[in-house]
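Visitor: Okay, here's the structure, questions in a sec.
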Amino acid sequence: HSCSLLITVGLNCVLKTLFFIVAATHSLQYFFTTVTPGISLPEFTAVGQVDAEQAEYYDSNNRTLVLKVNWLKKSDDEEHWKMKLQSAANQEELNKSLLSEVLKLLNQTKQKFHTLQRMTGCELDDDGSKRGYDQFGYDGEDLVRLDLNSETWIAAVPQVLPFTQTSSTQPSIQFIQHACINWVQKYVKYGKSVLERKDRPEVSLFQKNSSSPVVCHATGFFPKAVMITWQKNGEDLNEDVELRETLPNQDGTFQKRSILTVSPEELKNNNYTCVIQHMSGVAGNRVSVGLIVGVMVGALLLVIIICAAVFIWKRRSSGE
1 HSCSLLITVG LNCVLKTLFF IVAATHSLQY FFTTVTPGIS LPEFTAVGQV DAEQAEYYDS
61 NNRTLVLKVN WLKKSDDEEH WKMKLQSAAN QEELNKSLLS EVLKLLNQTK QKFHTLQRMT
121 GCELDDDGSK RGYDQFGYDG EDLVRLDLNS ETWIAAVPQV LPFTQTSSTQ PSIQFIQHAC
181 INWVQKYVKY GKSVLERKDR PEVSLFQKNS SSPVVCHATG FFPKAVMITW QKNGEDLNED
241 VELRETLPNQ DGTFQKRSIL TVSPEELKNN NYTCVIQHMS GVAGNRVSVG LIVGVMVGAL
301 LLVIIICAAV FIWKRRSSGE
């Protein structure tokens, strides 16, 4: 990486990072997985995530609600967790019944193994804006989704049209717009010190060689919401840019990268800027590639010196 950065500077390309503040969003998401019986897996599992971190777990083998994060374990709300356990049990029965119905509609009752997946949840912004969704998948393919605007089920395959025409959308709508939002607010209150922390991104800019794409990589940030964009000579740049999805790190933070693909001549003759927008940032903070290169080249020289010293020592030890 250090050599590639040195090449970039040699082309007189100025790459910087700017930090701006964006609004916070909290989310609650549930994943329900139902499988046909006869295998070693539980027939039903439920996983609840708060702000993309696993917080709850339930399966049909143990039928207990397992809290996965300390800030939920410390909450003194026994009645709420009793209610959530009953809700998970109800979802188990409902989704098993739905899988049986789907098997009949698709005429696949004689085949051995099938999976019904359901993803439902909601998001709540600091300004009070709300969003929600409910969708089903079957054997890894889209099956049915809820359209909140028309309050109808939308079928991805024609065989399940009878389901969309006879099944009420109101239970899902009520959950998304009321229960889910209330739970988000409750959980954010429980885990405020964790969920509302602001970890600032660490940003790296690198290029494998002079003709390779330039990568702007941000990692270690929390919360998840972040925007990475590019500017060319101070103007927003939308072409020649590939934005990758946000990925989780093992420590609960997130990472994201944006890739700029331009010719060496373009890099040489223009100034490019990587712009990071995250609520932890303070407008105006900049990290120049020149500074990063100086540090990394110094580290590289140190490694070279150490390697040379070891090589000389080995030759002397062997009597050469």
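In the UniProt record's numbering, the protein residues as written are 1 to 320.
Built from N, CA and C at the ideal position, the CB exists for glycine as well.
Computed from a predicted model, the values in this text were never measured in an experiment.
Please report the straight-line C-alpha distance between residue 344 and residue 74, rounded to a whole angstrom.
Guide: Outside the shown range of the chain, which is 1 to 320, sits residue 344, and nothing can be said about it.
Visitor: Short of 7 Å in beta carbon distance, which residues of its chain neighbour residue 280, apart from the five on each side in sequence? Order them along the chain.
Guide: 198, 199, 200, 221
Visitor: Classify residue 292 as helix, strand or coil using the three-state DSSP reduction.
Guide: Residue confidence for residue 292 is low, a pLDDT of 36 falling below 50, so the modelled location carries little weight; the figure read from the coordinates is stated next. Residue 292: helix per DSSP, three-state reduction.
Visitor: In or out: residue 254 buried (at least 16 other Cβ within 10 Å) or exposed?
Guide: buried
Visitor: Please state if the CB of residue 231 and the CB of residue 275 are separated by a distance shorter than 8 Å.
Guide: Here residue 275 is near residue 231, since their CB atoms are less than 8 Å apart.
Visitor: Can you list, in chain order, the residues of its chain whose CB lies under 8 Å from that of residue 174, leaving out five sequence neighbours each side?
Guide: none
Visitor: Do residue 125 and residue 273 come within 8 Å of each other at the CB atom, strictly closer than that value?
Guide: no
Visitor: Could you tell me the distance, in whole angstroms, from the CA atom of residue 297 to the CA atom of residue 236?
Guide: Any reading at residue 297 is ruled out, since the residue's pLDDT is 40, under 50, leaving its predicted position unreliable.
Visitor: If residue 324 sits next to residue 130, beta carbons under 8 Å apart, how far is it from one beta carbon to the other, in whole angstroms?
Guide: Limits of the chain in this structure are 1 at one end and 320 at the other, which puts residue 324 out of reach.
Visitor: Taking 8 Å as the cut-off, decide whether the C-beta atoms of residue 157 and residue 143 are in contact.
Guide: Cβ atoms of residue 157 and residue 143: closer than 8 Å.
Visitor: To the nearest angstrom, report how far apart residue 339 and residue 189 are at their CA atoms.
Guide: Any question about residue 339 goes unanswered here, given that the chain covers just 1 to 320.
Visitor: So is residue 118 buried or exposed if we call it buried at 16+ other beta carbons inside 10 Å?
Guide: That one is buried.
Visitor: Terminal residues of the continuous beta strand (DSSP E) containing residue 227?
Guide: 227-232
Visitor: What residue ranges within the UniProt domain "Ig-like" (171-290) form continuous alpha helix (DSSP H) runs of no fewer than 4 residues, ordered along the chain?
Guide: 180-190, 192-195, 264-269
Visitor: Can you check whether the C-beta of residue 116 is within less than 8 Å of a C-beta belonging to chain D?
Guide: No chain D is present in this structure, which holds just one protein chain.
Visitor: Can you tell which of 33, 256, 85 has the C-alpha that lies nearest to the C-alpha of residue 323?
Guide: A query on residue 323 cannot be resolved here, the shown segment of the chain reaching from 1 to 320 and no further.
Visitor: Considering only C-alpha positions, which residue in the set 264, 149, 161 is nearest to residue 170?
Guide: 149
Visitor: For residue 122, name the three-state secondary structure that DSSP assigns.
Guide: In the structure shown, the three-state DSSP call for residue 122 is strand.
Visitor: To test your reading of the DSSP string, which unbroken alpha helix (DSSP H) runs of 4 or more residues are found completely within the stretch 14-88?
Guide: 70-73
Visitor: Once the 5 residues before and after residue 299 are set aside, which same chain residues still bring their CB inside 6 Å of it?
Guide: Low confidence applies here, because residue 299 scores a pLDDT of 40, under 50, leaving its location unreliable; read the following figure in that light. Cβ within range, chain order: n/a, list empty.
Visitor: Roughly how far, in whole angstroms, is the beta-carbon of residue 160 from the beta-carbon of residue 105, given that I think they are within contact range, below 8 Å?
Guide: 5 Å
Visitor: In three-state DSSP terms, what is residue 91?
Guide: Correct three-state label for residue 91: helix.
Visitor: In three-state DSSP terms, what is residue 104?
Guide: helix
Visitor: Can you grab the Cα-Cα spacing for the pair residue 52 / residue 99, in whole Å?
Guide: Rounded to whole angstroms, residue 52 and residue 99 show a C-alpha spacing of 26 Å.
Visitor: If we ignore side chains and look at the alpha-carbon of each, how far apart do residue 58 and residue 97 end up?
Guide: 18 Å
Visitor: Using a 10 Å radius around the Cβ and a threshold of 16 neighbouring Cβ atoms, would you call residue 256 buried or exposed?
Guide: buried
Visitor: For residue 245 and residue 137, I'd like the C-alpha separation in whole angstroms.
Guide: 21 Å
Visitor: Going by DSSP, name the residue or residues bridged to residue 128.
Guide: Residue 128 is not bridged to any residue.
Visitor: Since residue 346 contacts residue 203 with CB under 8 Å, what's their CB separation in whole angstroms?
Guide: Nothing about residue 346 can be reported from this structure: the residues present for the chain run from 1 to 320 only.
Visitor: Buried or exposed: which applies to residue 90, given that a residue is buried once 16 or more other Cβ atoms fall within 10 Å of its Cβ?
Guide: When all chains shown are included, residue 90 counts as exposed.
Visitor: My assumption, with CB atoms under 8 Å, is that residue 121 sits in contact with residue 216. Please give the rounded CB distance.
Guide: For a cut-off of 8 Å, the C-beta gap from residue 121 to residue 216 is around 30 Å, too long to register as a contact.
Visitor: Tell me residue 144's beta-bridge partners as DSSP assigns them.
Guide: 136, 155
Visitor: So, for residue 55: in the same chain, excluding its five sequence neighbours on each side, which residues have a beta-carbon less than 8 Å away from its beta-carbon?
Guide: Once the five neighbours on either side are set aside, the close Cβ partners of residue 55 are 48, 49, 67, 68, 69, 72, 187.
Visitor: Inspect the beta-carbon positions of residue 139 and residue 114 and report whether they are closer than 8 Å.
Guide: yes
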